[in-house]
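Chains as they are written, first to last, in my numbering: chain A, 32 to 531; chain B, 4 to 336.
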């Protein structure tokens, strides 16, 4: 008797075996790119061995591994503070043990594209706080840049010590249904999350050693050493033993774990504003043996609170005079103040123009087509098509101040229309991209299901140019069908395996 | 080393020692009430007095509650509003550790964190209900694990020196307080029993139980027996716990150890370093203990130790830990 023909969307027998029992029922969303599986349910070719090893577990076995991973994160204090609670309750970020894999080929494309982009953004900042050639030549509308809340005219003419402005950047990427990576947003001020990249890796290696070994993954734990070397290379003296500190707003900041993690893994002091003072335009740290000079400050305090003499006068977290010391070239601040003008969402549509203008190269990484409401035509289009678009406030982050058009109510749309018309400069709009998915463990149902993800790789830039950490933070929406991956909105994270 | 960080190290050590110490005193008192002729009040009240929370305890639960062992144990173990309770001490240890994670080894932070998670979870309460001795033992073991991890996984450098100095100064002060209260108890007991001249045998049995309990609270029973050949008595026990230079919970040992740590933090031969007053007073206290031969007035000596340790801590705060600095914060007892 002849075997019955398989229906077209059923995986082949070898594909079935390769994905293992854990993923037997896994079905990607139609019309959406899945990071690990083909539309017919077979694992993507470069990931077969690793997926086979993970998929060999039973659902119960995987649930145990997932629980073990969560306990380990809790025991090590890989947590964030929950502000509203006076008992100092802390939580771990929701973590999914199924890693997101990236092939060597895809990564090499990303690596080149990210370096190119970060170089151009750095040159843009030098230009904007210098000659402003790009405005003079009309490549970017002058008023768009100069009216940005993030543009700091008082910083014009100051060359940062060491010559670098964007020491650390986190570039948010998404992947469209064709599998093309697109930049969603640049983070050039104090991007966070890298500690979770390293901690997620430590846990995944411990719990999934076999799959990890089979996959042949680039290591990420060289990041702290690279960071320290990059920052020291940007010291005013450029000496490799320059005194470096991490400045934190304190233990009650939600990212405190990361500040402490970075100081610990770089082997440098973690300081709060009260530990620093400025005298003779130099920065000093108070020690048990008297004051000691500081040359490089990796500051995780927002610019607005950095120096009450220059920015917010009411800042309790600032170091009075630190901007004077910076302007005199006596201390390196990483990242440099004023960077916000380059990651302003209204400037984002012009990054490709920057790449062509400063580097005379064609952009390698795609981005998302964007309507800039400051432009009359764009604004008119946006307010008429709100139900198709994602509208974002240019000066908000973390998934706040946003309208997800296709999922919005008429009332929300009416409200946003009014806001956009009142302050068009404040808004941009983009078509909603069907974000790619990755298999994610759904704890209350004990199953694997597709959930949408993004990717934040980290780029370090020193005097010799950019270096991209081969890995990154994969953030995942935990709610079925959701497009919002931000941790502040209930998103979780995954380890990201970049294959060799 | 950054002054604020040194401050957290110092207090991490003090709170850790305080938690461990309370986890010693409570079960030993419990066992004492079963062995000796002391009344419940005579047994439990000192626990409240030693910790300096007598008035807040009585204010809240009334005078009669000082006889209620369960109430005293609950208050000294769980009460969040009682800053000397074991839970409060462990929370403070963890908060200090979290503030200076970068100078601790991961192992140290993890042992502290696990103790904190355990203490604030269901497992701790369940064990407390089911096995009181096991509960306090778990806390002592966890505290000792932290101290052992500190000494065996961290650089033997300034952060460890500050932490350890906090431990030994707190321990000196705690040992002095317990001893002093027991002496006063015994004194009261003697007066009460004086008319019954024929009750000499019974009296010494009471004494023994108290002193044995005290030695157990300080893990010093075996060491004491080795030094004094089994002759248990108040004077011998006091001699041991105050003046023994080689037992790690004796006052003399702790103060001397504090002095040695201080000398590493601030080498006395280097000119111009802050900390001159603290150093002078610490040396004076150490020298006085070394020169003490007779314990005629134990109460006066113990009071002096408690007061001096408090003052030296304040001096250290002002000279080394940045309490005088703008917006500098300090922790208090």
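Glycine residues also receive a C-beta, built at the ideal position from the N, C-alpha and C atoms.
DSSP three-state call for residue 257 of chain B: helix, strand or coil? Position 254 of the second chain, counted from the start, is the residue given in the question as residue 257 of chain B. Looking at residue 257 of chain B - three-state DSSP - the assignment turns out to be helix.
ask   = Taking all protein chains shown into account, do 16 or more other C-beta atoms lie within 10 angstroms of the C-beta of residue 137 of chain B, making it buried, or fewer, making it exposed?
value = Looking up residue 137 of chain B in the second chain gives position 134. Exposed, since its Cβ has fewer than 16 Cβ neighbours within 10 Å.
- prompt: How would you list, in chain order, the residues of chain A whose beta-carbon sits under 7 Å from the beta-carbon of residue 169 of chain B?
  reply: As a position in the second chain, residue 169 of chain B is number 166, starting the count at 1. Chain A residues near residue 169 of chain B: none, gap ~14 Å exceeds 7 Å.
When the distance is taken between beta carbons, is residue 205 of chain A closer than 8 Å to residue 466 of chain A?
Taking the first residue of the first chain as position 1, residue 466 of chain A is located at position 435. Taking the first residue of the first chain as position 1, residue 205 of chain A is located at position 174. Contact flag set, yes.
Going by alpha carbons, who is nearest to residue 152 of chain B out of B:184, B:114 and B:258? As a position in the second chain, residue 152 of chain B is number 149, starting the count at 1. Selected option, being the one with the closest Cα: B:114.
Just checking: is the beta-carbon of residue 5 of chain B within a distance shorter than 8 Å of some beta-carbon in chain A? Numbered from its first residue, the second chain carries residue 5 of chain B at position 2. Output row for residue 5 of chain B: interface = yes.
*asked:* Give me, in chain order, the residues of the same chain whose beta-carbon lies closer than 8 Å to that of residue 170 of chain A; leave out the 5 immediate sequence neighbours on both sides.
replied: Taking the first chain and counting its residues from 1, the one referred to as residue 170 of chain A is at position 139. Excluding residues within five positions, the ones whose Cβ falls inside 8 Å are 381, 384, 385 and 388.
Can you give the Cα-Cα distance for residue 81 of chain A and residue 245 of chain A, rounded to whole angstroms?
If you number the first chain from 1, residue 81 of chain A lands on position 50. If you number the first chain from 1, residue 245 of chain A lands on position 214. If you take the alpha carbons of residue 81 of chain A and residue 245 of chain A, they lie about 6 Å apart.
Review point. Any idea if residue 431 of chain A is buried or exposed, counting beta-carbon neighbours within 10 angstroms, 16 or more meaning buried?
Key: Here residue 431 of chain A corresponds to residue number 400 of the first chain, with the count starting at 1. That one is exposed.
Residues of the segment 59–79 of chain B in Cβ contact with chain A at a cutoff of 7 Å, in chain order, please. none
Is the shortest distance between the beta-carbon of residue 274 of chain B and the beta-carbons of chain A less than 8 Å? Locating residue 274 of chain B in the second chain gives position 271, where the first residue counts as 1. Chain A contact via Cβ: absent.
Under the three-state DSSP convention, the category residue 85 of chain B falls into | Looking up residue 85 of chain B in the second chain gives position 82. DSSP places residue 85 of chain B in coil when its eight states are reduced to three.
So what does DSSP say about residue 511 of chain A, is it helix, strand or coil?
The count along the first chain starts at 1 and reaches residue 511 of chain A at position 480. Coil.
Quick check on this structure: which residue in B:43, B:251 and B:322 has the alpha carbon closest to the alpha carbon of residue 67 of chain B? For this step, residue 67 of chain B is matched to residue 64 along the second chain. Of the listed residues, the one whose Cα sits closest to residue 67 of chain B is B:43.
**Prompt:** Along chain B, in chain order, which residues have C-beta atoms closer than 8 Å to that of residue 282 of chain A?
**Reply:** Residue mapping note: residue 282 of chain A aligns to position 251 of the first chain, counting from 1. Chain B residues near residue 282 of chain A: 98, 101 and 102.
Mind checking which residues open and close the beta strand (DSSP E) that includes residue 165 of chain A?
Here residue 165 of chain A refers to the residue found at position 134 when the first chain is read from its first residue. Per DSSP, residue 165 of chain A belongs to no beta strand (DSSP E); it is in the alpha helix (DSSP H), 164–167.
- Task: Sort out for me which residues DSSP pairs residue 401 of chain A with in a bridge.
- Result: Taking the first chain and counting its residues from 1, one reaches residue 401 of chain A at position 370. Partner(s): A:461.
| query | To which residues of the same chain is residue 134 of chain A closer than 7 Å at the C-beta, ignoring the five residues directly before and after it? | reply | Within the first chain, residue 134 of chain A is the residue found at index 103, counting from 1. So the qualifying residues of the chain are 77 and 530.
Nearest by alpha-carbon distance to residue 503 of chain A: which of A:253, A:191 and A:220 is it? In the first chain, counting from the first residue as 1, residue 503 of chain A sits at position 472. Considering only alpha carbons, the answer is A:253.
**OP:** Could you tell me the distance, in whole angstroms, from the CA atom of residue 57 of chain B to the CA atom of residue 289 of chain B?
**Re:** Counted from its first residue, the second chain places residue 57 of chain B at position 54. Counted from its first residue, the second chain places residue 289 of chain B at position 286. Using only the alpha carbons, I get a separation of about 30 Å.
Let's test the definition: count the other Cβ atoms within 10 Å of the Cβ of residue 250 of chain B and tell me whether it reaches 16, buried, or not, exposed.
The sequence position of residue 250 of chain B within the second chain is 247, counting from 1. Residue 250 of chain B is buried by the Cβ-count criterion.
Review point. Are there three or more Cβ pairs, one per stretch, closer than 8 Å when the segment 7–23 of chain B is compared with the segment 286–293 of chain A?
Key: no
Q) With C-beta atoms as the reference, is residue 275 of chain B less than 8 Å away from residue 322 of chain B? A) Along the second chain, read from residue 1 onward, the residue named residue 275 of chain B stands at position 272. Along the second chain, read from residue 1 onward, the residue named residue 322 of chain B stands at position 319. Going by C-beta atoms, residue 275 of chain B is not nearer than 8 Å to residue 322 of chain B.
* **Rounded distance between the beta-carbons of residue 296 of chain A and residue 339 of chain A, thought under 8 Å** => Taking the first chain and counting its residues from 1, the one referred to as residue 339 of chain A is at position 308. Taking the first chain and counting its residues from 1, the one referred to as residue 296 of chain A is at position 265. With 8 Å as the limit, residue 339 of chain A and residue 296 of chain A do not qualify as a contact, their Cβ atoms being about 31 Å apart.
Practice task
Measuring only between beta-carbons, confirm whether residue 483 of chain A sits less than 8 Å from chain B.
Solution key: Your numbering for residue 483 of chain A matches position 452 in the first chain. False, the Cβ-Cβ gap to chain B never drops below 8 Å.
| With distances taken between CB atoms, is the gap from residue 27 of chain B to residue 173 of chain B smaller than 8 Å? | Residue numbering aside, residue 27 of chain B sits at position 24 when the second chain is read from its first letter. Residue numbering aside, residue 173 of chain B sits at position 170 when the second chain is read from its first letter. No. Outside cutoff.
Whole-angstrom distance between residue 425 of chain A and residue 455 of chain A, CA atom to CA atom: Locating residue 455 of chain A in the first chain gives position 424, where the first residue counts as 1. Locating residue 425 of chain A in the first chain gives position 394, where the first residue counts as 1. One C-alpha to the other measures close to 10 Å.
Worksheet item: Nearest chain B C-beta to residue 398 of chain A closer than 8 Å, yes or no?
Response: If you number the first chain from 1, residue 398 of chain A lands on position 367. Taking Cβ atoms only, chain B never reaches closer than 8 Å to residue 398 of chain A, which makes this a no.
- prompt: How big is the Cα-Cα spacing for residue 527 of chain A and residue 228 of chain A?
  reply: Residue mapping note: residue 527 of chain A aligns to position 496 of the first chain, counting from 1. Residue mapping note: residue 228 of chain A aligns to position 197 of the first chain, counting from 1. Between residue 527 of chain A and residue 228 of chain A, the C-alpha separation is close to 8 Å.
Check: Going along chain C in order, which residues have a C-beta closer than 8 Å to the C-beta of residue 85 of chain B?
Finding: The chain labelled as chain C is not found among the protein chains of the depicted structure, namely A and B.
For my contact list, residue 201 of chain A and residue 218 of chain A are in at a C-beta cut-off of 8 Å; report their separation, rounded to the angstrom. Along the first chain, read from residue 1 onward, the residue named residue 201 of chain A stands at position 170. Along the first chain, read from residue 1 onward, the residue named residue 218 of chain A stands at position 187. With 8 Å as the limit, residue 201 of chain A and residue 218 of chain A qualify as a contact, their Cβ atoms being about 4 Å apart.
Round the Cβ separation of residue 89 of chain B and residue 79 of chain B to the nearest angstrom and send it over; I've been treating them as touching at under 8 Å.
In the second chain, residue 89 of chain B corresponds to position 86, counting from 1. In the second chain, residue 79 of chain B corresponds to position 76, counting from 1. Sure, about 7 Å apart at Cβ, within 8 Å.
Inter-residue spacing [alpha-carbon to alpha-carbon] between residue 265 of chain A and residue 272 of chain A: Position 234 of the first chain holds residue 265 of chain A. Position 241 of the first chain holds residue 272 of chain A. Distance between the alpha carbons of residue 265 of chain A and residue 272 of chain A: 11 Å.
To the nearest whole angstrom, what separates the beta carbons of residue 93 of chain A and residue 132 of chain A, a pair I think is in contact under 8 Å?
On the first chain, position 62 is the one that residue 93 of chain A refers to. On the first chain, position 101 is the one that residue 132 of chain A refers to. Residue 93 of chain A to residue 132 of chain A, Cβ: 17 Å. No contact.
request  = Using three-state DSSP, classify residue 317 of chain B as helix, strand or coil.
outcome  = Position 314 of the second chain holds residue 317 of chain B. Helix.
*How many whole angstroms separate the CB atoms of residue 242 of chain A and residue 84 of chain A, which I take to be in contact at a CB cut-off of 8 Å?*
In the first chain, counting from the first residue as 1, residue 242 of chain A sits at position 211. In the first chain, counting from the first residue as 1, residue 84 of chain A sits at position 53. Confirmed, about 4 Å.
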